[in-house]
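Student: Numbering (the numbering used here), first residue to last: 734 to 914. Even for Gly, the Cβ is constructed at its ideal location relative to N, Cα and C.
#1: Taking Cβ to Cβ, would you say residue 738 is nearer than 7 Å to residue 764?
#2: Examine the ligand FAD and report whether any of its heavy atoms sits within less than 6 Å of the Cβ of residue 744.
#3: Report back the beta-carbon spacing between residue 840 and residue 860 to the nearest angstrom; my notes put them in contact at under 8 Å.
#4: Quick one: Cα of residue 831 to Cα of residue 780, how far?
#5: Got a sec? Which residues, its chain only, sit under 8 Å from residue 879 by beta carbon, not counting five neighbours each side?
#6: Quick one: what's got a C-beta closer than 7 Å to residue 827's C-beta in the same chain, skipping five residues either side?
#7: Residue 746: which of 855, 752, 753 and 759 sits nearest, CA to CA?
#8: Quick check on the DSSP output: the alpha helix (DSSP H) that includes residue 821 runs from which residue to which?
#9: Please classify residue 892 as buried or exposed, where buried requires at least 16 neighbouring CB atoms within 10 angstroms.
#10: How far does the beta strand (DSSP E) with residue 838 in it extend, from its first residue to its last?
#11: What did DSSP end up calling residue 863 once you bin it into helix, strand or coil?
#12: Out of 913, 901, 899 and 883, point me to the one whose CA is closest to residue 788's CA.
#13: Can you tell me which of the three DSSP states residue 896 falls into?
#14: Taking Cβ to Cβ, would you say residue 843 is nearer than 7 Å to residue 792?
#15: Looking only at C-alpha atoms, which of 825, 870, 805 and 873 sits nearest to residue 837?
#16: Check the C-beta distance from residue 855 over to residue 778 and give it rounded, since I have them as a contact under 8 Å.
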């Protein structure tokens, strides 16, 4: 990509802030010299974990999602926090907090910008292997999560059939099935 396509940010302010994300308003100059404004969602970096047990099953969660008013089946995931030096540190914390499982090993799978036309979100996908229940869940006050395990092939089929609707998780499952599995 050439620099002659870059926009120049003239001013920026947080228009709205809440737990989990901010809405940012920017005044920008376009490559042709015209000026306009641009708003985007600031969410930052998150981790998405594909956790395998020793017998090859995947630890999945069911979580209520108020925005769509239904139960959502997905992979453990969460935002990086200030004390997370690296995404891998967030993986250990989120896996333990959301599921009560801990992994023997964690490896990076893929990094994606899922909606870079209107959000700065970055998803770091990781595979966690040797996962075993070792602790109690430590959920945030606004999380309602149930934990189960399932065969990886069943997750792939659920994505294929359209029953698995969590896009963030589906990308990790499909990437693993296509390139790693």
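Tutor: Judging by the given coordinates:
#1: yes
#2: The model depicted lacks the ligand FAD and carries no ligand whatsoever.
#3: 5 Å
#4: 12 Å
#5: 794, 795 and 796
#6: 780, 782, 809, 810 and 811
#7: 759
#8: 820-832
#9: buried
#10: 838-845
#11: strand
#12: 883
#13: coil
#14: no
#15: 825
#16: 5 Å
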